[in-house]
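Quick note on numbering that gives the first Met the number 0: the sequence shown kicks off at 0 and runs consecutively. Built from N, CA and C at the ideal position, the CB exists for glycine as well. Small disclaimer: the values here were computed from a predicted structure and weren't measured.
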Amino acid sequence: MSQQHSGTAAESPKLHVVPVRQKDAKDFVATWHRHHRPPAGAVFCVGAADGEGVLRAVAMVGRPVARLLDNGQTLEVTRTATDGTANANSLLYGAAWRAAKALGYTRLITYTQAGETGASLRGAGWKVLAHRPPRPGWDCPSRPRTSRGVDRVARTLWEAPTAP
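Structural data, given as structure tokens:
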């Protein structure tokens, strides 16, 4: 599979699901994601490639960031990124849920930021669970942290469909 990241074709290419190594997924996220850096790690990664084998999108799935949701049965899509190819994210959200279930997980979640429509998630059958208010950030006197530019942004929590 080609790892080149060319621009979006005039017509949407026919996509198929491909395995992606974590390093390659991180490189893709670093190149294409609008506002986040790649996550530190993942349980698994999956990609969408066109008919010529060009990687068009990736999804990284890991343990939930919120420790109260990290119950051993739940995973979180921590990052998706596309080169703009239509329907790539919906394909990956569906594939991530099938893979998580195949590994024995019973729940898959993700978040969108305010201003993101969630169209890819709705297209894959996901449902809104909650709207989260903006956080002030992670910086505190006992553990100083540098802002990564995503503090003070409202988020929406989504869950993959529970029906088989």
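By the beta-carbon neighbour count (other beta carbons within 10 angstroms, threshold 16), K13 is exposed. Taking the CA atoms as reference points, A80 sits about 15 Å from G61.
For K22, the enclosing alpha helix (DSSP H) covers residues Q21 to W31. Contact between the region 90-105 and the region 63-80 is present: 3 or more CB-CB pairs across the two stretches fall below 8 Å. Per DSSP, the continuous beta strand (DSSP E) segment holding W157 begins and ends at R154 to E158.
Nearest C-alpha to L128 among G83, R106, G52 and Q72: R106. Straight across, the Cα-Cα distance linking R144 with H35 is about 16 Å. Around the beta carbon of P160, a 10 Å sphere encloses fewer than 16 other beta carbons of the protein chains shown; the residue is thus reported as exposed. In this chain, A123 is not harboured by any beta strand (DSSP E), its DSSP state being neither H nor E.
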